[in-house]
Amino acid sequence: MKPHLPLLALAASLLGLFACDPKGTTSTTTTGPATATTGPRIVSMVPAATLNLVQIGAADRLVGVTKYDSLFLPEGKQNLPVVGDYLDINYELLIQMRPTAVVIFAAEHRVPERLRQIADQQRFEIVNIKTDTIAELYIAIEKLGDISGRRAEADARIAVMKADLREIAEQYKDRPKVRVAYVSGREPPYIVGRDNFLDEMLRAAGGENVGATVGPGWPTISLELLIKLAPDVLLVGAPDEPEQIGPTDPRAQRWLRLPIPAAKNGKVFLVTDGNGQMPSLETPNHIRRFAQLLHGEKPR
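Heads up: the sequence shown begins at 537 in our numbering, then just goes up one per residue.
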């Protein structure tokens, strides 16, 4: 069974539904000078890219997005054409948008051949980003700054993000690591494994991600294995759903009935902020929120 669509969008932003290239980094296919004369015109096929373009002040450069992106877009951009998603590109509409750049997330050998052909014919740039780590996110944001004409803004925001992450690391460096698991709230459940963006966020928050022992990416997990992992804190992904209403929230009851330390100590939390789970310039704020949940601190 496939994950629920909002979670699918998240997983795709982190892992890439075109199949990730383990050696891949942000890459660019240039097929000739752009024909647009009114400045950069960007079609984003990646929700995380859309979010970061907005955060560096480049929303005005967007001319097409995916069906998952309306949550990120400012007023006046809510009705941008939906050019497609990870699995289905509307090539006719794409051509009509006259982009100077199209942003995707794909293993290089899985970039659709038709997209390459149209890029060559229409003379736009294919920008293939990768955001499996914070270091890769910096590279992706720099490239988004380049193609949007907002590199100075991108560099400034990256500098602030790096400073924030140094501050968080200093704050929690002497704290005991908290055993934490992050699972989906759907069936079958899957867990945040190793070598992905959320794994790095959990570790930056002072956590020991017990899901890292299960495998890379987002492996499915049985309740029996989750019980064996015995997390002290359990985070349950429920992006874009209503906030948790307390321990009586029925969405948490299934997990609170498990014989694990997190349930025994009332440390089961729903994570409902979909934006917070996207690789973005706001990631330090969401790491702080994870840290508060892990270490039992009140939100500031």
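In this text, a Cβ means the ideal position worked out from N, Cα and C, and glycines have one as well.
All values derive from a computational prediction rather than experimental measurement.
Residue 589 Cβ short of 7 Å to the ligand MN heavy atom set: Only the bare structure without any ligand can be found here, which leaves the ligand MN out of the picture.
Through-space distance from residue 770 to residue 808, alpha-carbon basis: 14 Å
Inter-residue spacing [alpha-carbon to alpha-carbon] between residue 555 and residue 592: Only weak support exists for where residue 555 lies, its pLDDT of 36 falling under 50; the value from the coordinates is given anyway. Going from the Cα of residue 555 to the Cα of residue 592 covers about 27 Å.
As assigned by DSSP and simplified to three states, the class of residue 718: Under the three-state reduction of DSSP, residue 718 is assigned to strand.
Residues of its chain near residue 825, where Cβ-Cβ distance is below 6 Å and the 5 sequence neighbours each way are ignored: none
CB of residue 616 within 8 Å of CB of residue 811, strictly: Against a cut-off of 8 Å, the Cβ pair of residue 811 and residue 616 comes out as no contact.
Spatial distance of residue 648 from residue 638 (CA atoms): 13 Å
Entirely enclosed beta strand (DSSP E) segments - the segment 685-747, minimum 3 residues: 714-720 and 743-745
Alpha-carbon to alpha-carbon, residue 732 and residue 752: 8 Å
Cut-off 8 Å between Cβ atoms - residues of its own chain near residue 823, not counting five sequence neighbours on either side: When the five nearest sequence neighbours on each side are left out, the beta carbons in the same chain lying within less than 8 Å of the beta carbon of residue 823 are those of 701, 704, 737, 740 and 741, in order along the chain.
Interface flag, residue 619 vs chain D, CB-CB below 8 Å: Chain labels in this structure do not include chain D; a single protein chain is all it has.
Continuous beta strand (DSSP E) stretch holding residue 590: start and end: Counting along the chain, residue 590 falls outside any beta strand (DSSP E), though it belongs to the alpha helix (DSSP H) covering 583-591.
Sequence-distant residues of its chain with Cβ nearer than 7 Å to residue 798 (five each side left out): 767, 768, 769, 770 and 804
Inter-residue CB distance, residue 748 and residue 729 (contact presumed, cutoff 8 Å): 6 Å
CB of residue 614 within 8 Å of CB of residue 631, strictly: no
With 16 other Cβ atoms within 10 Å as the buried cut-off, status of residue 829: buried
Residue 635 - partner residues in DSSP beta bridges: Bridge partners of residue 635: none, in fact.
Residue 628, DSSP secondary structure in three states: helix
Of the residues 793, 735, 668 and 640, the one placed nearest residue 661, counting alpha carbons only: In this structure, 640 is the residue among 793, 735, 668 and 640 with its C-alpha nearest to the C-alpha of residue 661.
Other residues of its chain near residue 582: CB distance less than 7 Å, five sequence neighbours each side excluded: 549, 639, 640, 641 and 665
Residues that DSSP places opposite residue 600 in a beta bridge: 579
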